[in-house]
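A.B. asks:
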Amino acid sequence: DFPNYGIALNATGTDTGDAQWRSLERGEPEAPYIKVFYTYSAPGGCISNLNAAVSQDTFVQEDDPLKDYSTQNPLVTRPEALKRKTAFIQFDISDIPSGSTIDSAVMKITSSNSRSDHTVDVYRVTETWTATANWSAPWSTAGGSFDNATSLGTLTPNQTQQQVDITSLVQNWVNGSLPNYGIALYATGADTGDAQWRSSEDGEPDAPFIEIQYRSPMVDVVLPLTQDAFIEENNPLKNYGDKDPLLTRLD
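Right, dumping it as C-alpha cells:
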C-alpha cells in the first residue's frame, strides 16, 4: 500500500520544446481525471440492508365508494360482501441501486386487533394510484387493480406483527420488469367486522416496512483532480500551480 501523493509526468526524448496538457484549470470535462470501475469484495457485490418505508397508503370501502381514507389510521380490511374494505400500500425502494440483486425482502405489518374467519391475501397492485384513491377511482376495476391470481402470502389479524416474503416482487421492481405500484391487502372469510393494521401515520417502528437485504453491482466513479502543477529546471523557484496548460519538456 502506498500513500496517495499523485503521479508525475516525466518527459524523455530529444525534443527541445514543450508538450502541453490540459490542466485542472480547464474544468470538466477537459481536465485530467481517473475513471475507476470497481466491485466489492463480497460475492456478487456489497451487501447492504434497507428498511423500505411506506411512500403512500390507504384503504377503500365498497359501500362508501367515493370516500377518501388517505389520512385514516389504522388501515382496515373487511371481507363482507357489499361492505368490503381493501388496503393499499406502496413502498419507497429508490435507495436501491439499479441492477442490484435482492437477497431477501420481507414485508412486515402489525395487526392492531384480533378477528376470526378473516384472512388477508397480499397481492401485487397492477395500476398507478395515489393515497386519495377510493373504491371507484382511479382504478380501471372498481375496488382496486391487483393480480388476484397470485397471492404473495397471507396475513392473520391477531394483534402481532405479520410478515410476507416478497423477495421476487421487489427484485422485479428493482429490475424494472414490473412497475412498483405496491401491494394490496384483500380480505376473505365470513367475518363481518374490520381488521385493523398499523399505517404510515404510526411512524417508525410501528408503520409497515419492507426489510431488504441486497447486493450492489459493480460501480464506476470519476475521480477529479485535487491539485496539479509543473516545475521548470531553469527557473527552480517558480510556482506554476495556477497555470494552464501543464507542460513537460526534456531538454
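So for the sequence shown, my numbering puts the first residue at 27; every next one is plus one. Think of the CB as a built atom: it goes at the ideal place given N, C-alpha and C, for glycine as much as any other residue. Keep in mind that this is a model prediction, so the values were computed, not measured.
1. With DSSP as the reference, identify every bridge partner of D191, one or two as the case may be.
2. What is the rounded straight-line gap between the Cα of Y240 and the Cα of S74?
3. Ignore the nearest five residues each way along the sequence and tell me which others in W47's own chain have a CB closer than 8 Å to its CB.
4. Taking the runs of the alpha helix (DSSP H) that are 4 residues or longer, which of them lie wholly in the stretch 173–227?
5. Please look up how many angstroms separate the CB atoms of S96 and T158, rounded, as I've assumed it's under 8 Å.
6. What does DSSP give as the partner residue(s) for Q239 in the beta ladder?
7. Mind checking whether P234 and I115 have CB atoms under 7 Å apart?
8. So, using beta-carbon positions, are Q187 and K134 closer together than 7 Å?
9. Identify the residues that DSSP records as bridge partners of R150: which are they?
10. How is R52 classed by DSSP in three states: helix, strand or coil?
11. Please look up how many angstroms separate the CB atoms of W161 and P91, rounded, as I've assumed it's under 8 Å.
12. Apply the 10 Å Cβ neighbour rule to K264 and answer buried if 16 or more other Cβ atoms are within range, or exposed otherwise.
13. Please work out which residues of its chain come closer than 6 Å, Cβ to Cβ, to K61, disregarding the five sequence neighbours upstream and downstream, and give them in chain order.
14. Where do the N-terminal and C-terminal ends of the beta strand (DSSP E) with A45 fall, by residue?
15. Just checking, does the stretch 202–216 make contact with the stretch 140–152 on the three C-beta pairs under 8 Å criterion?
16. Given this structure, state the Cα-to-Cα distance separating D228 from P55, to the nearest angstrom.
C.D. replies: According to the structure shown:
1. V132
2. 5 Å
3. L35, P58, P271, L272, L273, T274
4. 193–201
5. 5 Å
6. DSSP output for Q239 lists N75, S130 as bridge partner(s).
7. yes
8. yes
9. I209
10. helix
11. 4 Å
12. exposed
13. V248
14. 45–47
15. yes
16. One C-alpha to the other measures close to 48 Å.
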